[in-house]
Structure formats: C-alpha cells, structure tokens
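Student:
There are 2 protein chains.
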Amino acid sequence: MENCGWCNLSGEDKRFQLYEGTCWSVFLANEQDYIGRCILVLKRHCGSLSELTEDEWNELRMLICKTETCFKTVLGATLCNWSCLMNSFYQDPDPDPHLHIHVRPRYEKPVVLNGNTYADRAFGHHYALHKSGSIPDQDREELFRRLKEWLSLPA
Amino acid sequence: MENCGWCNLSGEDKRFQLYEGTCWSVFLANEQDYIGRCILVLKRHCGSLSELTEDEWNELRMLICKTETCFKTVLGATLCNWSCLMNSFYQDPDPDPHLHIHVRPRYEKPVVLNGNTYADRAFGHHYALHKSGSIPDQDREELFRRLKEWLSLPA
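Chains P and V, in that order, are what the protein sequence lines are. Position one of the first sequence corresponds to residue 1 (the numbering used here), numbered consecutively onward. Position one of the second sequence corresponds to residue 1001 (the numbering used here), numbered consecutively onward.
1. Is it the case that the segment 1076–1092 of chain V contacts the segment 1016–1031 of chain V, given that we only count it when at least three CB pairs across the two stretches are under 8 Å?
2. Would P:Thr-69 pass as an interface residue toward chain V - the criterion being a Cβ-Cβ separation below 8 Å?
3. Identify whether P:Asn-58 lies in helix, strand or coil by the three-state DSSP scheme.
4. Distance check for V:Ala-1119 and V:Pro-1110, CA to CA, integer angstroms please.
5. Using the rule of at least 16 other Cβ atoms within 10 Å of the residue's Cβ for burial, across every protein chain shown, is V:Gly-1036 buried or exposed?
6. P:Leu-169 and P:Ser-48: beta carbons closer than 8 Å?
7. Inspect the CB distances between the segment 60–72 of chain P and the segment 122–140 of chain P and report whether three or more fall short of 8 Å.
8. Buried or exposed: P:Arg-145, going by 16 or more other Cβ atoms within 10 Å of its Cβ?
9. In three-state terms, what does DSSP make of V:Asn-1087?
10. Verify the CB distance criterion: does V:His-1098 have a CB-CB separation below 8 Å to chain P?
11. Apart from the five residues on each side of it in sequence, which residues of its chain come closer than 7 Å, Cβ to Cβ, to V:Thr-1078?
12. Per DSSP, which residues does P:Thr-117 bridge with? Please list them.
13. Strictly below 9 Å CB to CB, what residues from chain V border P:Asn-81?
14. Helix, strand or coil, according to DSSP, for V:Cys-1080 in the structure here?
15. So V:Arg-1121 contacts chain P; which residues on that side make the cut at Cβ distance below 8 Å?
16. DSSP three-state call for V:Arg-1106: helix, strand or coil?
17. Buried or exposed: which applies to V:Leu-1153, given that a residue is buried once 16 or more other Cβ atoms fall within 10 Å of its Cβ?
18. Taking 8 Å as the CB-CB limit, is V:Ser-1132 close to chain P?
19. Residues in the same chain with beta-carbon distance under 7 Å from P:Met-1, minus the five sequence neighbours each way, listed in chain order, please.
20. Under three-state DSSP, which class holds V:Leu-1040?
21. Taking C-beta pairs closer than 7 Å, name the residues in chain V that P:Cys-65 reaches, listed in chain order.
22. Within a Cβ cutoff of 8 Å, which residues of the same chain sit near P:Met-86, ignoring the five residues on either side of it in sequence?
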C-alpha cells in the first residue's frame, strides 16, 4: 500500500474526482476516448473482485446504477461498457494490484461539448484500444462540471 | 424475449454449460483465445447491470469468487479480466440486449492441455481483440471436464 498510486492520491490526482462514497470513489479518467469515461476506485487496498466485502459489493451496485443513469441523462449515452482488468499491475515483478473498474459510455448519437462534436464511430462494437483520449481542457472542465452537478443532486 | 438467443438456448447450445445457479448460468465460451474463457449469462431477460435485482447481484458476487478460484486452482490463472459490454446487440435497429458477462483468465505461465501449450503472450496488457480462439475439440473437452469437475465439488 505504501507504494500504491491509488492509496496515495495527491490533491492534483483528485482534481477530477466526481463522487466519493463510503467504499468507492469515482474519477473522470484522463483518457476521454469515450466521452465521460470514468474509473471507480475502491478506497481500500484490495487486489481482486473476489476479495470485496459485502458492503463494498453493495455500494458498487448502487454506483453502477448511479453512473449509468448519469451518463444517459447528462450525456445521452445509449449504454455503458464495464470492465475490471488490472493487467498493467502484472508488468511489475512483484504485483500489488489495487481494484478499480473502468466504465466507458457508448453513444449512438454524438456528444457535443462547447460546440465540439464527439462521435462514437465504433458504436455496436468493442471499444477501440488505441483511440485518442485527448480532449481540450475546456471540454474536460465542462464535462466534469455537468457530471459532478448531476452526481451531487440528492438521490 | 421471443427472439432472444440467450432466452432460447437449445440442448446443443448448452453442451458446454459449466454451472447453473438460481439466477445465472456459466458457459465455456466458443472462443478460447484465453484458455478457460467463460460467459456468465443471466437466466432472466434483462438489458443492463443497473436492472439486476438484489438476489441476482448477490449471486453474481458468489459466482465471481467461485470462477476466479476455479481458474486459479484448475488452470493456474494469475488473474481474471471481467467485462460487461453488450455492444453487438446495438447493431440491431431495435436492440433487445440480454445481460451477460465475459471472463478471460490471464496467465503468467502457459497452460497445457493434452500436451498442447497455450501461452498468454499479452500477459500484463489488455486482452487482444483479434487473437484466434480456436482450439482442438479434444482440448475443449478436456478443459470442460476439468472445470466442470471442480465447479461440481461441494462448496
């Protein structure tokens, strides 16, 4: 845990934290290859889905519902692609994985941010592995503002 | 549901069913790009993770634990890649998705089936999207037998 990036987030790392629950946090991902892409990070150091406690598993269910509804309502997403992979930790000779889950909203119709149009050209197919995830700072700020505003509403 | 492939499985479709729970079934996937790859299929027609009932969510937790332990014990898997995507349903003009979850075991060391060696050459990286998933029938049978035997043991 001492050397785990997810256990030692700086203020700057938390700049795009969208939500903090009891067991999980939600961050807007650096890579915005699919607009709204987020990472759900367990607040406890734990290496696999199998090791989640009942409380962590129950809060995950609530967060999946909340984020799917948020993406549909705020961004017009059609569905969400969920994945829990953890591969890159295993490039280390002494892997010490920290559980996190990726969510990529997928769009039948393009999303517009500040007049910039983002189309999901692979809609209906597996997410692309090498799509550019770079978007202008002002679009990232706008996206963050919209998602955070919705997620902060009383349930 | 009338036209849903997962709601109308034939005996032949169920040939490689590894496990049947109250809410979910586990099938050995046709594609064996990652040896042991399985699909967890909800027995009820339902389109997204957000719509799972509490019982379905709780059984999913148990099944994730069971399959991860099975892959590690029987095949020597190092970790598992989990994904819930549902993209291909959205190629249909009137999508009617049926919830299912993919699990790909990942291996630091190769798996051997009937003397054939299967290496995970992308270990530590995202699963490959276009890796061949074809294996000889006798290896598929051997894999099915080993996994089913373990999954049939009393918990």
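Just so it is clear, CB atoms sit at the ideal spot from N, CA and C, and this is done for glycine as well. Bear in mind that the values here come from a model prediction, so they are computed numbers and not experimental data.
Tutor: If we stick to the structure as given:
1. no
2. yes
3. helix
4. 4 Å
5. buried
6. Examination of residue 169 of chain P is not possible in this model, given that chain P is present from 1 through 155 alone.
7. no
8. exposed
9. helix
10. no
11. Arg-1106, Tyr-1107 and Glu-1108
12. P:Val-112
13. Ser-1083, Cys-1084, Leu-1085, Met-1086 and Asn-1087
14. strand
15. Result: empty, since nearest Cβ-Cβ is about 13 Å, beyond 8 Å.
16. strand
17. exposed
18. no
19. Cys-7 and His-45
20. strand
21. Ser-1050
22. Gly-47, Ser-48, Pro-97, Leu-99 and His-100
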